[in-house]
Every structure is written in structure tokens, then in C-alpha cells.
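First up is the structure itself, then whatever we jot down about it.
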Amino acid sequence: AQSVTQLGSHVSVSEGALVLLRCNYSSSVPPYLFWYVQYPNQGLQLLLKYTSAATLVKGINGFEAEFKKSETSFHLTKPSAHMSDAAEYFCAVSVGTGNQFYFGTGTSLTVIP
Amino acid sequence: GAVVSQHPSWVICKSGTSVKIECRSLDFQATTMFWYRQFPKQSLMLMATSNEGSKATYEQGVEKDKFLINHASLTLSTLTVTSAHPEDSSFYICSARGQGAGYNEQFFGPGTRLTVL
Chain A
351 AQSVTQLGSH VSVSEGALVL LRCNYSSSVP PYLFWYVQYP NQGLQLLLKY
401 TSAATLVKGI NGFEAEFKKS ETSFHLTKPS AHMSDAAEYF CAVSVGTGNQ
451 FYFGTGTSLT VIP
Chain B
14 GAVVSQHPSW VICKSGTSVK IECRSLDFQA TTMFWYRQFP KQSLMLMATS
64 NEGSKATYEQ GVEKDKFLIN HASLTLSTLT VTSAHPEDSS FYICSARGQG
114 AGYNEQFFGP GTRLTVL
């Protein structure tokens, strides 16, 4: 079975500080991994995805994530937080022919000016 | 590219009425569409998977007679909430997957806020 765990339902960082959002996955087969951002009352916007190519994935808005198989992790980072980064972030795993997504419970990011 | 739209973006209805939500892939053909429900401050819960031209597959605990899904074409899927009640109030999000082997990415619509009075 596949699952995703996001540690920390709420993360607060100061503007300009490092952003680190944690995601660990469980999968019996090589997974596809995704990070999405959701702003209030909006759908999900893809930040980046891992599809078995490079383990360090760069996404939009300065975000990146590193796939670490040994740690079953796919943590999201950004060197310098911006006020506009305040949102809800979801990690998701997809495997198999059904391409069903399994979402984490989300992490709410607050950026303090 | 890969834009998914939903209509309406929000709807308010009276208890007992039915509401239809449309999900369209605007610039690609979607063989599979997914419907999710999201409660405030919670993650997305997959309700059903719909493949064009066939019956939808519902997740455990989701009433198929309550949430009717139709995927009549490669660009349109509809979710009808029948005899809606206040507990059906939620944020409904659809996503679409394009054609092609190994195509794992889903593209999400902007969501529909349903409020049942």
C-alpha cells in the first residue's frame, strides 16, 4: 500500500529564512512523487515532481525537493521564504497503472514578516 | 497547456436539490478524471475515478447513488450531488490525466465550493 506522511501540520518561518517541509512516503514499488501548493479557495498547483530521473528536482517559485530512497523522503525546500509562499502544501505519491494519488495531510506554511 | 476548468466555482443550494459540477480539460484529452472532496483544513479525499465511456469507480464509503459521475467525452466529466444536504457542503476538486503510457501527472481544476443550506 502507498501512503504519504507530512510531518508538521503547521510551519512558520521568517521572511528570508529557509523553508523546509517534510514528506515521507511508503511504497512497495518505485513511486512518482509530487508537491502541490494550494492557496485559499483554489485548486492545487504543481510545484514539482519526481519521476525517476534526477533525484534533485527543481520546481517553480524557487522550490526544490530531493528524493532520498534510503530515507523514503521527498522534502521540499526553498532557500529564502517570501510572503507570497504562505499557503497549504501537499505531498502526493502515485504508483501503478491506476495513477491514483495518495495525498499527505498537508502543511500550512506561515511566513512572518 | 494542461488546463482543467470547473464550473461553477461556487454554488449555494437548498437542501434536497441536486447540483451538477462540470470538469473540463481545455487543451488535452483526459482519459481519466478524478473527483476529490476537501473539508476545511484537511487533505483531499479521493471520491471516485472516472474513465471516459465507462462507469466510475467509487472509493469505499462514497455513495455512488448520491454522487453521480458521468464521463461522456474525453474532455468532460460531471459530478452531480443528488438530494444535497448540509453535510455535503464541501470543496470539490477534479483532476484529469492525459493520454499516453506512463503519464502519471494529474492536472487539477480550481475547485467548486458547494454550500447546502
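Line order of the protein sequences matches chains A and B. All you need for the working numbering is the position in the first sequence, starting with 1, plus 350. All you need for the working numbering is the position in the second sequence, starting with 1, plus 13. For glycine and all other residues, C-beta sits at the position ideal for the given N, C-alpha and C. All of these numbers come straight from a predicted model, not from anything done at the bench.
{"Check": "Extent of the continuous beta strand (DSSP E) run through residue 391/A", "Outcome": "Where residue 391/A is concerned, there is no enclosing beta strand (DSSP E), given that its DSSP letter is neither H nor E."}
{"Check": "CB contact check: residue 460/A to chain B, cutoff 8 angstroms", "Outcome": "no"}
{"Check": "8 angstroms Cβ shell around residue 407/A - same chain, five flanking residues per side excluded", "Outcome": "398, 399, 400, 414, 415, 416 and 417"}
{"Check": "Neighbour flag for residue 73/B against chain A, beta carbons, 8 angstroms", "Outcome": "no"}
{"Check": "Beta bridge counterpart(s) of residue 106/B as assigned by DSSP", "Outcome": "49/B"}
{"Check": "Start-to-end residues for the beta strand (DSSP E) that takes in residue 451/A", "Outcome": "451-453"}
{"Check": "Burial state of residue 85/B, where buried means 16 or more other Cβ atoms lie within 10 Å", "Outcome": "exposed"}
{"Check": "Opening and closing residue of the beta strand (DSSP E) in which residue 403/A lies", "Outcome": "Segment: none, residue 403/A is in no beta strand (DSSP E) and carries neither H nor E."}
{"Check": "Same chain, Cβ closer than 7 angstroms to residue 50/B, five either side skipped, listed in chain order", "Outcome": "58, 60, 103 and 105"}
{"Check": "Same chain only: Cβ atoms within 6 angstroms of residue 90/B, ignoring 5 sequence neighbours per side", "Outcome": "36, 46, 63 and 84"}
{"Check": "Buried or exposed (CB count within 10 angstroms, at least 16 for buried), residue 425/A", "Outcome": "buried"}
{"Check": "Span separating the alpha-carbon of residue 115/B from that of residue 380/A", "Outcome": "Residue placement at residue 115/B is flagged as unreliable, the pLDDT there being 46, under the threshold of 50; the coordinate-derived value follows with that caveat. Approximately 13 angstroms between the Cα atoms of the pair."}
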